[in-house]
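Here the structure comes first, spelled out in structure tokens, and everything after it is commentary.
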Amino acid sequence: MYNEFINIKTVFIDVDDTLLDFGRCASVSMRAAAAAAEITLPEDFEALFHRVNNSLWKRVEGGSLTVPELYKIRWNLIFGEAGIDFDGVAFENVFLKELAGSAEHVIGAEELLEHLKSRNYVLYSASNAPQLQQEKRLAKAGFLNYFKEIFTSESVGAQKPSREFFEKAMALGGVADKDSCVMIGDSFEADISGAAAFGIKTVWVDRKGVSAEHPGVATRVVKELGEIKGLL
Ligand SMILES: [Mg+2]
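Under this note's numbering, the first residue of the sequence shown is numbered 201, with each subsequent residue one higher.
Have a look at this one:
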């Protein structure tokens with residue numbers, strides 16, 4: 201069978217919801233921040249957080265909001281909807297600190313990294329997040345040593361899905377040949393469409409099962425990280 205990944209030497213991997221389970225990390229962090237603030241969270245708090253958070257990150261990916269702006273408005277929007285009277289910026293600061301220490305694995309993440317290392321791929325993480333936060337979380341997860349470098353929107357100076365992010369990440373990694381790179385990630389908007397438009401191969405970890413809405417963009421679509429071991 202033809203293997204479209206035969207020339208791959210460099211692997212860029214998204215972090216949140218690809219290697220680390222952001223839902224579980226956020227859940228643990230918001231509960232800790234709420235306990236510190238002495239506020240009681242409503243029952244549907246996690247769903248509310250993810251709805252507001254996802255819509256804000258879509259705006260970041262679309263270029264109409266910056267990450268620092270997101271941090272200023274995220275919890276104020278959530279508290280506004282939940283009818284909670286608390287300073288969202290103060291809460292965000294505690295939440296981010298907690299999040300920086302959270303490192304819940306996605307199932308199969310460690311096995312995948314071990315597999316890629318054993319096959320001698322050069323690995324770079326690639327995420328839209330603060331640099332120190334991702335370094336701490338990957339270290340806590342026990343994943344830091346698998347990577348040659350940790351790339352974030354902060355260290356690269358551009359955000360996924362922009363062309364600049366992938367261009368600069370390749371340049372920083374000293375990678376000249378697009379055909380030798382693959383991007384692995386869970387977000388169609390941030391990871392897959394951006395990397396595909398830039399011209400590198402992609403593996404979409406489509407846990408939500410929405411790949412039929414975007415046919416022909418990802419090089420390959422998988423449901424679980426374990427399937428990638430059959431590709432790379
Ligand atoms: Mg992600």
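Each residue gets a CB set at the ideal place from its N, CA and C atoms; glycine is no exception.
Exercise. Apply the 10 Å Cβ neighbour rule to A371 and answer buried if 16 or more other Cβ atoms are within range, or exposed otherwise.
Key: Translated into positions along the sequence shown, residue 371 becomes position 171. Exposed, by the Cβ-count rule.
Quiz item: Looking only at its own chain, which residues have a Cβ that is under 8 Å from the Cβ of S255, when we skip the five neighbours before and after it?
Solution: Here residue 255 is taken as the residue at index 55 of the sequence shown, counted from 1. Contacts found: none.
Quiz item: Just how far apart, CA to CA, sit F366 and K360?
Solution: The count along the sequence shown starts at 1 and reaches residue 366 at position 166. The count along the sequence shown starts at 1 and reaches residue 360 at position 160. Rounded to whole angstroms, the separation of the alpha carbons of K360 and F366 is 7 Å.
Self-check item: Expected contact under 8 Å - CB spacing of L219 and A309 to nearest Å
Solution: Residue mapping note: residue 219 aligns to position 19 of the sequence shown, counting from 1. Residue mapping note: residue 309 aligns to position 109 of the sequence shown, counting from 1. Sure, about 4 Å apart at Cβ, within 8 Å.
Quiz item: Any chance the CB of V356 is under 8 Å from a heavy atom of ligand 1?
Solution: As a first step, residue 356 is located in the sequence shown; it is residue number 156 there, counting from the start. Not under cutoff, so the answer is no.
Self-check item: Closer than 8 Å: A390 CB and nearest ligand 1 heavy atom
Solution: The residue labelled residue 390 in the question sits at position 190 within the sequence shown. Relative to ligand 1, A390 has its C-beta within less than 8 Å of a heavy atom.
Quiz item: Does the distance from the CB of E433 to the CB of G426 come in under 9 Å?
Solution: Summary: the structure shown does not reach residue 433, with the chain confined to residues 201 through 432, and so no result is reported for it.
Quiz item: If we ignore side chains and look at the alpha-carbon of each, how far apart do I284 and F245 end up?
Solution: By 1-based counting over the sequence shown, the position of residue 284 is 84. By 1-based counting over the sequence shown, the position of residue 245 is 45. Approximately 11 Å between the Cα atoms of the pair.
Practice problem: Just confirm the distance between the C-beta atoms of A234 and L241, as a whole number of angstroms; I'd bet it's less than 8 Å. | Solution: Numbered from its first residue, the sequence shown carries residue 234 at position 34. Numbered from its first residue, the sequence shown carries residue 241 at position 41. At roughly 5 Å, the Cβ-Cβ gap stays under 8 Å, so A234 and L241 are in contact.
Practice problem: Please classify A341: is it buried, with 16 or more other beta-carbons within 10 angstroms of its beta-carbon, or exposed? | Solution: Position 141 of the sequence shown, counted from the first residue, corresponds to residue 341. Only buried fits A341, as 16 or more other CB atoms lie within 10 angstroms of its CB.
Practice problem: From the DSSP output, in three-state form, read off H250 for me. | Solution: The residue given as residue 250 occupies position 50 in the sequence shown. DSSP places H250 in helix when its eight states are reduced to three.
Quiz item: For D221 versus A390, is the C-beta distance shorter than 9 Å?
Solution: Locating residue 221 in the sequence shown gives position 21, where the first residue counts as 1. Locating residue 390 in the sequence shown gives position 190, where the first residue counts as 1. Not a contact, by the Cβ cut-off of 9 Å.
Quiz item: In the structure shown, what three-state DSSP assignment does G342 receive?
Solution: Along the sequence shown, read from residue 1 onward, the residue named residue 342 stands at position 142. Here G342 sits in coil by DSSP.
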